[in-house]
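A.B. asks:
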Amino acid sequence: KTYCTPGLNGDACIVDGAIWVLKESLAGEPSFFAPRPPLPSTLHKLSNAIMQDIHYKLPGYYTRGAGDTYFSGKMLAKLSRILLITHELKTICSRPKKIARRYGEEYIHACESLKLPSRLQF
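If you're matching positions, the sequence shown starts at 5 in my numbering and goes up one per residue.
If you want it as structure tokens, here you go:
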């Protein structure tokens with residue numbers, strides 16, 4: 005017997021089984037970073053956003069364990085993105101000449117006055 009209930013995208017049906025096998029073929033190892041750096045014209049915009057977002061704090065009710073799993077996951081994802089973008093910008097601007105050789109001289113100029121959070125702000 006199949007159990008289904010109508011939903012926004014059609015029927016949602018229970019799938020019953022003792023073993024689940026889900027195979028995903030990936031094109032290489034998963035990574036948090038794109039295979040190429042952000043465009044030099046976007047580095048200052050990213051830096052400005054990071055300098056604001058680095059001050060994001062989890063709400064008190066979440067730190068006390070009273071938050072729900074849906075929005076707490078979104079908050080943790082936001083904190084992760086802030087750290088990953090900061091790490092990527094710092095990596096790019098710690099060796100702009102190397103990046104410039106491969107992707108263009110604009111990276112040298114884009115990194116010159118870039119403001120990024122210090123380690124203490126993490």
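For each residue, glycine too, the CB sits at the ideal point set by N, CA and C.
How about L118 and H48: are their beta carbons less than 9 Å apart?
C.D. replies: yes
A.B. asks: In whole angstroms, what separates the C-alpha of L12 from that of F75?
C.D. replies: Spanning the alpha carbons of L12 and F75 requires a straight line of approximately 22 Å.
A.B. asks: What is the residue span of the beta strand (DSSP E) that D72 lies within?
C.D. replies: Segment: none, D72 is in no beta strand (DSSP E) and carries neither H nor E.
A.B. asks: Rounding to the nearest angstrom, what Cα-Cα distance links Y65 and D72 in this structure?
C.D. replies: 10 Å
A.B. asks: Measure the C-alpha to C-alpha separation of P121 and T90 and round it to an integer number of angstroms.
C.D. replies: 8 Å
A.B. asks: Please classify C17: is it buried, with 16 or more other beta-carbons within 10 angstroms of its beta-carbon, or exposed?
C.D. replies: With fewer than 16 other Cβ atoms from the protein chains shown falling within 10 Å of its own Cβ, C17 counts as exposed.
A.B. asks: Are I54 and L30 close, meaning C-beta to C-beta below 9 Å?
C.D. replies: No, the Cβ-Cβ distance between I54 and L30 is not below 9 Å.
A.B. asks: Here's the rule: buried if 16 or more other CB atoms are within 10 angstroms of the residue's CB, otherwise exposed. What is S51?
C.D. replies: buried
A.B. asks: Start and end of the beta strand (DSSP E) containing D15?
C.D. replies: Unbroken beta strand (DSSP E) run through D15: G14 to C17.
A.B. asks: Near I96, which residues of its chain fall below 6 Å by C-beta distance, leaving aside the five closest residues on each side in sequence?
C.D. replies: P41 and I103
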